[in-house]
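These protein sequence lines are chains Z and V, in that order. Residues in the first sequence are numbered consecutively from 1, following the numbering used here. Residues in the second sequence are numbered consecutively from 1, following the numbering used here. Here is the structure we will look at, set down as C-alpha cells.
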Amino acid sequence: MLAANFLLLAAVLFCIGVFGVIARRNAVLVLMSIELILNAVNLNFVAFAIMNDNIDGHVFALFVIAIAAAEVGVGLAMVLMIYRNRRSIALDELSEMKG
Amino acid sequence: MTAFLLAVDDVNVAQNVAFGIIAAVMIFAALNVVTTKNVVHAALWLVTVLAGVAAQYILAAAEFVAVSQVMVYIGAVMVLFLFGIMLTRAQIGSEEGLNNKGWALGIPVALLLFGLMAFSILDTYGDDTLPARTDVGGFATEGIADQVLSPYLVPFIAVSFVLLAAAIGAIVLARKD
C-alpha cells in the first residue's frame, strides 16, 4: 500500500476542514470543521507510525484525541454562553472588540 | 488521484480496495459536513467521517487508536455536539444564514492549500510503500502502554490535568447563575 494514500486522504480532509472554518457562520459548524482538521492530523500521525515502524505516532494520536475532547467541551460551553447572552451564535456578529 | 495511486500499486489489493471505498465515503461525508444547510445533518455526516477515520486506523493496524476514536469521538464528542445544537437553536430543519457572506473565498483557499500539500506529498513520498507487516502492527496496544507509561508519563499526567481543567472550565462557563 502506498504511503501517499493516507497522506493524500488526510490532506483532502484538512482542506475541507479549512474551507468549513472559512465559510461557516454558525459557531457549532466551525467547531465541527475543526474536528475534521484534527482528524486529518491524527490520520497523518498513524500513517507515519506505520511508515517508520515506530509506535510514537499512535501515542501522539491518542494525545490529540484527548486534547480535542477537552477543546470541544470548552468550545461548546463558550458557544452556549454566547447564545445565552446574545440569542445568536453567528460569528460575524461578535464584533464588540473590533477596533 | 486515488484511483491512479491504486492502479500503480499491487502490494496489497484487498487493503487498497477497502481504503478506496472508505476514503470515497469519507470525502463525500466531509463535503456534506461543510455544505449542508441543516445543522443536525452536519453532525450526522460528521459521525460518518469519524467512523471512516476509525476504519482507516484499523487498516493501518492501529486498533487501540481506532477503539479510542470510536469511544471518544462517536460516543462522547458527538453527544456534546448534539446537545450544543439542541441548546442553541429553536428550529429543526434546514436553515438559512449558516454561511458567511464571503464563503466562496474558502474554495480557492482550500484548493490552493490542497494543491500545495498534494504536490509536496507526492514529491516526497510518491513512491514509498507502507511495509506489509511491521512490529507496530500486531502488538500496537502493548507498545502504546510501554511508551505512555515510561517516556511519555509526564505528558500523560499533564493531559489528565488538562482534561480536569477543561471539565471544570466548561462547568463554570455553562453555569446558569
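Beta carbons: idealized from backbone N, C-alpha and C, even for Gly.
The alpha-carbon separation between Asn52 of chain Z and Ala23 of chain V amounts to approximately 22 Å.
In the structure shown, Leu2 of chain Z falls within a strand segment according to DSSP collapsed to helix, strand and coil. Val67 of chain V has a beta carbon lying at 8 Å or more from every beta carbon in chain Z. At least one C-beta of chain Z is nearer than 8 Å to the C-beta of Val148 of chain V.
Here the segment 66-76 of chain Z lies against the segment 166-175 of chain V, with 3 or more beta-carbon pairs under 8 Å apart.
With 16 or more other Cβ atoms from the protein chains shown falling within 10 Å of its own Cβ, Phe6 of chain Z counts as buried.
Assignment of Thr141 of chain V by DSSP, reduced to helix, strand and coil, places it in the helix class. For Ala40 of chain Z, the enclosing alpha helix (DSSP H) covers residues Ala27 to Asn52. Between the beta-carbon of Ala18 of chain V and that of Leu80 of chain V there is about 30 Å, and that puts the pair past the 8 Å contact cut. The beta carbon of Ile16 of chain Z sits closer than 7 Å to those of Leu36, all from its chain and outside the five residues before and after it, given in chain order.
By alpha-carbon distance to Met78 of chain Z, the top candidate from V:Tyr73, V:Met117, V:Leu87 and V:Gly52 is V:Leu87. Shown here, Ala62 of chain V sits in coil according to DSSP, grouped into three states, outside any helix or strand. In this structure Gln147 of chain V touches Asp56 of chain Z by the C-beta definition: roughly 6 Å separates them, less than 8 Å. Selection Z:Phe45, Z:Leu8, Z:Ile22 and Z:Asn26 evaluated against Gly20 of chain V yields Z:Leu8 as nearest (Cα-Cα). It is roughly 15 Å from the alpha-carbon of Ala47 of chain Z to the alpha-carbon of Gln69 of chain V. Shown here, Asn85 of chain Z sits in a helix according to DSSP, grouped into three states. Under the Cβ distance rule, Met86 of chain V does not count among the residues neighbouring chain Z, no pair being separated by less than 8 Å. Across the set V:Arg89, V:Val13, V:Gly102 and V:Gly75, the C-alpha of V:Gly102 shows the shortest separation from the C-alpha of Gly20 of chain Z. Under the Cβ distance rule, Leu94 of chain Z does not count among the residues neighbouring chain V, no pair being separated by less than 8 Å.
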